[in-house]
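Below is one structure; the comments refer to it alone.
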Amino acid sequence: MTKDEIEKQLVKDFGEHIEIQTTDQPEPFLYVAKEKYVEFCKYLTENPSLAFDFLFQLGGAHFVDASGQGEKFDVILCLASSKHKHEMVLKVKLPAENLALGTVTGIWRVADFYELEAMELYGIKFPDHPHPRRLLLDDDWDYGYPMRKGWSGHPDFIPMPDKSESAE
Amino acid sequence: MSTLEIEKTQAQDEFIINVGPQHPSTHGVLRLILRMKGEFIKDLKPDVGFLHRAIEKIAENRTYAQFMPFTDRIDYCASMPCNLAWVTAVEKLAKIEVPERAQYLRVIMTELNRIASHLIWLGTMSLDLGAFTPFLYAFRERERILDLFEMTCGQRLTYNYMRIGGVSQEPPQEFYPKCKEFTQYFRKKVDDYEALLTYNPIFLSRTKDVAILPIDVGLNYGASGPTLRASGHDWDLRKIHPYSSYDKFDFKAPLGTKGDVWDRYIVRIQEMRQCCNIVDQAVEGLPEGPIKAKVPAVFKPKGEVFARIEAPRGEMGYYIIADGTTKPYRVKIRTASFAHVQLLKYLAVDWKIADLVAIFGSLDIVLPEVDR
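Line by line, the protein sequences give chains A and B. According to the working numbering, the first sequence holds residues -11 to 156 in order. According to the working numbering, the second sequence holds residues 14 to 385 in order.
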């Protein structure tokens, strides 16, 4: 299916719960409402004309506005279909005060480690995750969520001088 | 990770074995916690993260061009494809047209690196299974590929060869004849490896029908590349979503039939022959022209992009969020081994511990790629 066809089909079936982003990319980019996320993912795999059976990746992202006050999180999934060869980017907005999200490990098994990674690097919570545990960081890690913007850093860390500005 | 979690499920006649993190058969620093019943694996938990270098965080503090050397370190057995994935993503984001000569040079380097990477896999896997000779043979041929890379960009492991919009430099004139000479020589060497291993009765009994991976399970676990093609799933990004002129080359994506360890072996062996074909075609058809597009020195793309390529171990890709500054806002790196390490539990349970090394070897996992 082409980008337009996928978007049309999704609007038809999940109209009020999705928000399509206008981009210049060949794949559709869209947001789905947090409450409908797991149901929507299930629909994406089960609908024969979409058949998104391959979860390419899942990751978090942290956005802070210029004032440094308002923050929000996104969970981003890149999906592909081995049957129809189309691709898609699916996102979920999470407010900073409630970072809980349903798990998709029951739909794509590969989501297991990706969710654990988002959990420890961004602090996104997956309460239904079947085996929550530490993945990449130390067992006794107690220094916050390192991938968040403005992370204060590990106490033993000596930062490198920032040379990228001089490259301009 | 403590072993406590896995101990909870332990029955009376079962015991826990800890493998790694420093263990020759884990090809790096991977720790596996096994719950065993006699010689049979009943449960397996991979403990990763020993090589975590926060490359994604580093990316947020470097410009697009400055991040290039870090991509080399994501998978140091196959740096060129990591370079290629990054430049493909950035070029897709910033809509940069790459000169054809640069695209061909990228293909030559990537395919040579694919051979080198498969040679490491061949050497270590056969070593794990007790065959020492193929290891020495494989590293002898890999040395010649590294010489070719050294001739081109001065590096033998982390090449930093590609640039946004092209490649860093033109290979010297003697590179092309040496390259052809190598592919001719190498095809015969693949026959040698096959003579040593493919139908060797000991090798067959260790690999045939061991740890079968069905296609649907493989897809669900995010398997890709040779691991999934060994199950018979015809999926090669070089053919399905061609990038960097791959549509101009005539090659096959070898397929397995069953998806056992032996299929994963034979698919990679055949893939090495196909790589030689691609390299030959690219060297012969190398167009004249510039090797780098004109890219502004201060480079401020905006938007979001997701690009993926076929790396030696499977699909590799980047998701970039660009906010219109010189540095990316967020970079998510997708590597094949991160998905494959999860597959290990599905494949190894109910096999003997001796089969674990064969199964692990056949997946071709490298740990820097898992931990990033």
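For each residue, glycine too, the CB sits at the ideal point set by N, CA and C.
Check your understanding: Quick one: what does DSSP say A/Gln45 is sitting in, helix, strand or coil?
Key -> A/Gln45 sits in a strand when the DSSP states are folded into three classes.
Review point. Where B/Asn233 and A/Thr33 are concerned, what is the direct C-alpha to C-alpha distance, given to the nearest angstrom?
Key: Spanning the alpha carbons of B/Asn233 and A/Thr33 requires a straight line of approximately 10 Å.
Check your understanding: What are the boundary residues of the beta strand (DSSP E) that includes B/Met329?
Key -> Counting along the chain, the unbroken beta strand (DSSP E) around B/Met329 starts and ends at Gly327 to Asp336.
Point to revise | Option nearest A/Lys60 by Cα separation, candidates A/Gly48, A/Lys(-4) and A/Ala39 | key: The candidate whose alpha carbon is nearest that of A/Lys60 is A/Gly48.
Exercise for review: Can you give me, in chain order, the residues of the stretch 27 to 50 of chain A that have a beta carbon less than 7 Å from any beta carbon in chain D?
Suggested key: Among the protein chains of the structure shown, namely A and B, there is no chain D.
**Study point:** As assigned by DSSP and simplified to three states, the class of B/Tyr278
**Key:** Three-state result, B/Tyr278: helix.
Check your understanding: So, does the CB of A/Leu70 fall closer than 8 Å to a CB anywhere in chain B?
Key -> Here residue 70 of chain A is Ser; the residue named in the question, Leu, does not match the sequence. Yes, A/Ser70 lies at the interface with chain B (some Cβ there is under 8 Å from its Cβ).
**Study point:** Neighbour list for B/Asn233 in chain A, Cβ cutoff strictly below 8 Å
**Key:** Here the neighbours are Asp41, Trp96, Arg97 and Val98.
Point to revise | Residues that B/Gln355 contacts on chain A, provided the C-beta gap is smaller than 8 Å | key: What B/Gln355 touches in chain A: Arg97, Val98, Asp100 and Phe101.
Check your understanding: Would you call B/Lys307 buried or exposed, if buried means 16 or more other Cβ atoms sit within 10 Å of its Cβ?
Key -> Exposed, because fewer than 16 other Cβ atoms sit within 10 Å of the Cβ of B/Lys307.
Exercise for review: Could you tell me if A/Thr103 is buried or exposed, where buried requires 16 or more neighbouring beta carbons within 10 angstroms of its beta carbon?
Suggested key: Strictly speaking, residue 103 of chain A in this sequence is Glu, with Thr absent from that position. A/Glu103 is buried by the Cβ-count criterion.
Check your understanding: By how many angstroms is the C-alpha of B/Gly62 removed from the C-alpha of B/Ala371?
Key -> When only Cα atoms are considered, B/Ala371 and B/Gly62 end up about 23 Å apart.
Review point. Between which two residues does the alpha helix (DSSP H) containing B/Ala151 stretch?
Key: Element bounds for B/Ala151: Thr146 to Cys166.
Review point. What do you reckon, are the CB atoms on B/Lys358 and B/Ala335 nearer than 8 Å?
Key: Not closer than 8 Å, so no.
Check your understanding: B/Phe319 bridges to which residues according to DSSP?
Key -> Answer by DSSP bridge pairing, in chain order: B/Tyr332.
Exercise for review: Go through its chain and collect everything with a Cβ distance to B/Gln283's Cβ below 6 Å, but skip five positions before and after it.
Suggested key: Cβ neighbours of B/Gln283 beyond the five flanking positions: Pro267.
**Study point:** For B/Gly41, the three-state DSSP class (helix, strand or coil)
**Key:** Correct three-state label for B/Gly41: strand.
Review point. Any Cβ of chain A within less than 8 Å of the Cβ of B/Lys345?
Key: For B/Lys345, at least one C-beta of chain A is nearer than 8 Å to its own C-beta.
Point to revise | A/Glu23 versus A/Gln57: straight-line alpha-carbon distance, rounded | key: Using only the alpha carbons, I get a separation of about 25 Å.
Point to revise | Beta carbon proximity, A/Phe17 to chain B, threshold 8 Å | key: So, interface residue.
Point to revise | A/Gln13: contacting residues in chain B (beta-carbon distance under 9 Å) | key: By Cβ distance, chain B contributes Lys105, Leu106, Gly316, Glu317, Val318 and Phe319.
**Study point:** Residues, ordered as in the chain, of the stretch 71 to 90 of chain A that lie near chain B by beta-carbon distance below 8 Å
**Key:** Hits within the stretch, in order: Lys73, Glu75 and Val77.
Review point. With respect to 7 Å, is the separation between the Cβ of B/Ile334 and the closest non-hydrogen atom of the ligand FAD below this value?
Key: With respect to small molecules bound, the structure shown includes none, and the ligand FAD cannot be examined in it.
Exercise for review: Excluding the 5 residues preceding and the 5 following B/Phe351 in the sequence, name in chain order all residues of the same chain whose CB lies nearer than 6 Å to its CB.
Suggested key: Val383.
**Study point:** In DSSP terms, what A/Phe61 is bridged to
**Key:** Per the DSSP secondary-structure output, A/Phe61 pairs in a beta bridge with A/His50 and A/Leu82.
**Study point:** Boundaries (first-last residue) of the beta strand (DSSP E) holding A/Gln9
**Key:** From DSSP, the beta strand (DSSP E) with A/Gln9 extends over Ile6 to Gln9.
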